[in-house]
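The next block holds one structure in the form of structure tokens; read it before the comments.
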Amino acid sequence: MTSKLTYVGAIGMTAIALIAASPAYAAGTTAGTTITNNVTVDYQVGGVAQGQQTASNSFVVDRKINLLVEEVGSVTTEVVPGQSNAVTTFQLTNTSNEVLDFALTASQIAGGTAAHGGTDSFDVSNVRIYRDNISSGTVGSFDAADTLVTYIDELATDTPIRLFVVADVPAGLSTGAVAGVQLRATAREGGASGTQGAAITQTAGANTAAKDTVFADVAGVNDANRDASHSAADDYTVKTATLTVTKTSRVVDDPFNGTTNPKLIPGATVEYCILVANAAGGASATSVAINDSVPTQLTYVVGSARVNGTATAGTCNTDGVAAGTNYAAPVVSGTVATVAAGDTRTLLFRATVN
28 MTSKLTYVGA
38 IGMTAIALIA
48 ASPAYAAGTT
58 AGTTITNNVT
68 VDYQVGGVAQ
78 GQQTASNSFV
88 VDRKINLLVE
98 EVGSVTTEVV
108 PGQSNAVTTF
118 QLTNTSNEVL
128 DFALTASQIA
138 GGTAAHGGTD
148 SFDVSNVRIY
158 RDNISSGTVG
168 SFDAADTLVT
178 YIDELATDTP
188 IRLFVVADVP
198 AGLSTGAVAG
208 VQLRATAREG
218 GASGTQGAAI
228 TQTAGANTAA
238 KDTVFADVAG
248 VNDANRDASH
258 SAADDYTVKT
268 ATLTVTKTSR
278 VVDDPFNGTT
288 NPKLIPGATV
298 EYCILVANAA
308 GGASATSVAI
318 NDSVPTQLTY
328 VVGSARVNGT
338 ATAGTCNTDG
348 VAAGTNYAAP
358 VVSGTVATVA
368 AGDTRTLLFR
378 ATVN
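In the working numbering, the protein residues as written are 28 to 381.
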């Protein structure tokens, strides 16, 4: 902008000046605002008051383009393999001094260190951006009331809004796998509701009398200093259950030796021990269904099944319960509600050799 200065009248040789000016404008004054400062001078000549003299100065406040994209929270988003609509959360604030549109881009990093220290090792799919609906649904959390967007329309100054980067997680991933994502916003011209504004150009050269444009943003994770863009990063980290199944058997008794050194002869009782171990550091496995088909050479001992027991040194303990077991020839089954990470649960049953 170029200031304009106008003087009115003449000033005599002897003058007493009383100067009045408007306060200095504060940061954040709306772009395009005309600020006018007025001055008055009162004076005397030969002791006689003369006509007051005035002057004014006006200039137009230029446009400062600034914005801030931030991750909401400070921890990774834990996901499970095959999960749909996994959410990372960001906040966008228009810190410019004018209402603007903002183009949005969600991207993924290719290897390297992700936002929370893990190493990027996979890509999510079906990546989308949603704007939080502050009038319905659960405000601050992703839900069906939120709006799918590619840009933000007419965002007022100093008004933070919440954005969700939503994606689907591939199946078959292991605990600790990481996918890094980034959200970038770029300022666009405002003023036309319902349409994404044009790209903004920074004013080159000297100040003009009109509303000039200055880029004032700092660099984010994938943009440069003073480029009318800002960006932030988040990531998804897989936490899943890794189950290992082990099956052993032992002869309990036979018709001739009883329980003393029994042999696997017809009529002998065989006890099967099935151990389901969940690796430490992952997620709990839930609704664990164990099914075992009894061979035709064996006959299931009715009522012998026990489930949800513990194990010692790879051997089933006898602390399981009958509840949750079933036998529908030839399948013995048992259901365990939860196998926590680092824990082992069992299914134990007996059969006789035909």
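Just so it is clear, CB atoms sit at the ideal spot from N, CA and C, and this is done for glycine as well.
Bear in mind that the values here come from a model prediction, so they are computed numbers and not experimental data.
Could you round the C-beta distance between residue i and residue j to whole angstroms and report it? I think they count as a contact, below 8 angstroms.
i	j	result
Thr326	Thr379	5 angstroms
Glu125	Ala58	4 angstroms
Leu94	Phe129	7 angstroms
Ala364	Gly309	Actually they are not in contact, since the Cβ atoms of Ala364 and Gly309 sit about 17 angstroms apart, beyond 8 angstroms.
Asp239	His257	Between His257 and Asp239 the Cβ distance is about 21 angstroms, and since that is not below 8 angstroms, they are no contact.
Leu182	Asn252	No, Leu182 and Asn252 are not in contact; Cβ-Cβ is about 22 angstroms, not under 8 angstroms.
Glu97	Ala142	So it is not a contact: roughly 12 angstroms between Cβ atoms.
Asn305	Thr269	7 angstroms
Tell me the DSSP bridge mates of residue i?
i	result
Ala378	Val297 and Tyr327
Leu95	Thr120
Lys274	Ile301
Gly361	Ile317 and Thr352
Val366	Ala312
Leu175	Tyr157
Asn65	Ser83
Asp281	Gly285
Ile188	Leu119
Val241	Lys91
Gly217	Paired residue(s): none; Gly217 is not in a bridge.
I'd like the list of long-range same chain contacts for residue i, defined as Cβ closer than 8 angstroms, with 5 residues on each side in sequence excluded.
i	result
Val241	Asp89, Arg90, Lys91, Ile92, Gln229 and Thr230
Ile156	Leu131, Ala133, Leu175, Val176, Thr177, Leu190, Phe191, Val192, Val193 and Leu210
Ala113	Thr104, Val106, Val151, Val193, Ala194, Asp195, Val196 and Tyr263
Thr342	Thr275 and Cys300
Thr63	Ser49, Ser83, Asn84 and Ser85
Check residue i in the structure and name its three-state DSSP category.
i	result
Phe129	strand
Arg253	coil
Phe169	coil
Ala87	According to the sequence shown, residue 87 is Val rather than Ala. Strand.
Asn234	coil
Tyr70	coil
Gln209	strand
Ala194	strand
Asp261	strand
Ala58	coil
Gly164	coil
Thr371	strand
Phe149	coil
Val107	coil
Tyr52	Model confidence at Tyr52 stands at a pLDDT of 31, short of 50, so the residue's coordinates are unreliable and nothing is read from them.
Glu181	strand
Gln135	strand
Ile76	Before going further, note that residue 76 is Ala rather than Ile in the sequence given. The answer is strand: DSSP assigns Ala76 an E or B state.
If you drop the 5 nearest sequence neighbours on each side, which residues of the same chain put their C-beta closer than 6 angstroms to that of residue i?
i	result
Val154	Ala133 and Ala194
Leu374	Ile301, Ile317, Val334 and Gly361
Gly224	Asp128, Arg215, Glu216 and Gly217
Glu298	Arg277, Val279 and Arg377
Asn160	Ala172 and Asp173
Go through its chain and collect everything with a Cβ distance to residue i's Cβ below 7 angstroms, but skip five positions before and after it.
i	result
Ala198	Pro108 and Gly109
Gly100	Thr116
contact_flag[the segment 277-297, the segment 159-174] where n(CB pairs < 8 angstroms) is 3 or more = no
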